[in-house]
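A short worksheet on the structure shown next.
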């Protein structure tokens, strides 16, 4: 790693191995949310930075092209995971920690995009099927989907209640 790249992490006090693992694990999180490996590495490194940094600094630190870093920053900014400020013609980027927020979006998205449509399709297939063995298999699939539906709805309700409790606590000054 170049001296210039090390300077970009002036505030980093942990081991380089911990830094590398942190960036790797954040990358895995973001892949699960539909981002690519570069997005994850950029976001992970930004979370560790002690100050806003430029595309050039990120590019040097990660060993990626400026174009690749710029593309990732656009995606991350669009999704409010990264913010930037301009000083003259130069943009300085910093991360917005949002693990909980992104994680809590997943149950609703899974329910709406995957589970509910699958339940509907399985019900239609059951109605069309004349084969009793196939119907039994489809009923088993439907039971699993309905159980998953129930769990996801409970998580969504729990998350909603948590927000309400936090709002109530803030208004009470707790």
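Numbering (this note's numbering), first residue to last: -14 to 159. Glycine is no exception: its CB is placed at the ideal position from the N, C-alpha and C atoms.
- Own chain partners of residue 69 with C-beta closer than 7 Å, once the 5 adjacent residues on each side are dropped: By 1-based counting over the chain shown, the position of residue 69 is 84. Contacts found: 62, 76, 77, 78.
- Task: Find out if the Cβ-Cβ distance for the pair residue 28, residue 12 is shorter than 9 Å.
- Result: Looking up residue 28 in the chain shown gives position 43. Looking up residue 12 in the chain shown gives position 27. Yes; because the gap between Cβ atoms is below 9 Å, this pair is in contact.
- Message: Using a Cβ-Cβ cutoff of less than 7 Å, which residues in the same chain neighbour residue 126 once the five nearest sequence positions on both sides are dropped?
- Response: Stepping through the chain shown from its first residue, residue 126 is reached at position 141. Hits under 7 Å: 107.
- Task: Quick one: give me the first and last residue of the alpha helix (DSSP H) that residue 28 is part of.
- Result: Within the chain shown, the letter at position 43 stands for residue 28. First-last of the alpha helix (DSSP H) with residue 28: 22 to 33.
- Beta-ladder partner(s) of residue 68, from DSSP: Here residue 68 refers to the residue found at position 83 when the chain shown is read from its first residue. Note: residue 68 sits in a beta bridge opposite 79.
- Message: Quick check on residue 112: buried or exposed, where buried means 16 or more other Cβ atoms within 10 Å of its Cβ?
- Response: Your numbering for residue 112 matches position 127 in the chain shown. Within 10 angstroms of the beta-carbon of residue 112 lie fewer than 16 other beta-carbons, which makes it exposed.
- Message: For the stretch 93 to 108 against the stretch 51 to 66, do three or more pairs of beta-carbon atoms, one drawn from each stretch, fall closer than 8 Å, so that the two count as touching?
- Response: no
- Verify whether the separation of the beta carbon atoms of residue 92 and residue 140 is less than 9 Å. The residue you call residue 92 lines up with position 107 of the chain shown. The residue you call residue 140 lines up with position 155 of the chain shown. Yes, the pair counts as a contact, with Cβ atoms nearer than the cut-off.
- Message: Between the alpha carbons of residue 37 and residue 80, how many angstroms are there, rounded?
- Response: By 1-based counting over the chain shown, the position of residue 37 is 52. By 1-based counting over the chain shown, the position of residue 80 is 95. Within the model, the alpha-carbon separation for residue 37 versus residue 80 is close to 8 Å.
- Query: Between residue 31 and residue 7, is the Cβ-Cβ spacing less than 9 Å?
  - Reply: Counting from one through the chain shown, the residue named residue 31 turns up at place 46. Counting from one through the chain shown, the residue named residue 7 turns up at place 22. No, Cβ-Cβ distance for residue 31 and residue 7 is not below 9 Å.
- Query: When we look at the beta-carbon of residue 24 and count the other beta-carbons within 10 Å, is it buried (16 or more) or exposed?
  - Reply: In the chain shown, counting from the first residue as 1, residue 24 sits at position 39. Under this definition residue 24 is a buried residue.
- Could you give the distance in angstroms between the alpha-carbon of residue 122 and the alpha-carbon of residue 130? The residue labelled residue 122 in the question sits at position 137 within the chain shown. The residue labelled residue 130 in the question sits at position 145 within the chain shown. Rounded to whole angstroms, residue 122 to residue 130 spans 13 Å at the Cα level.
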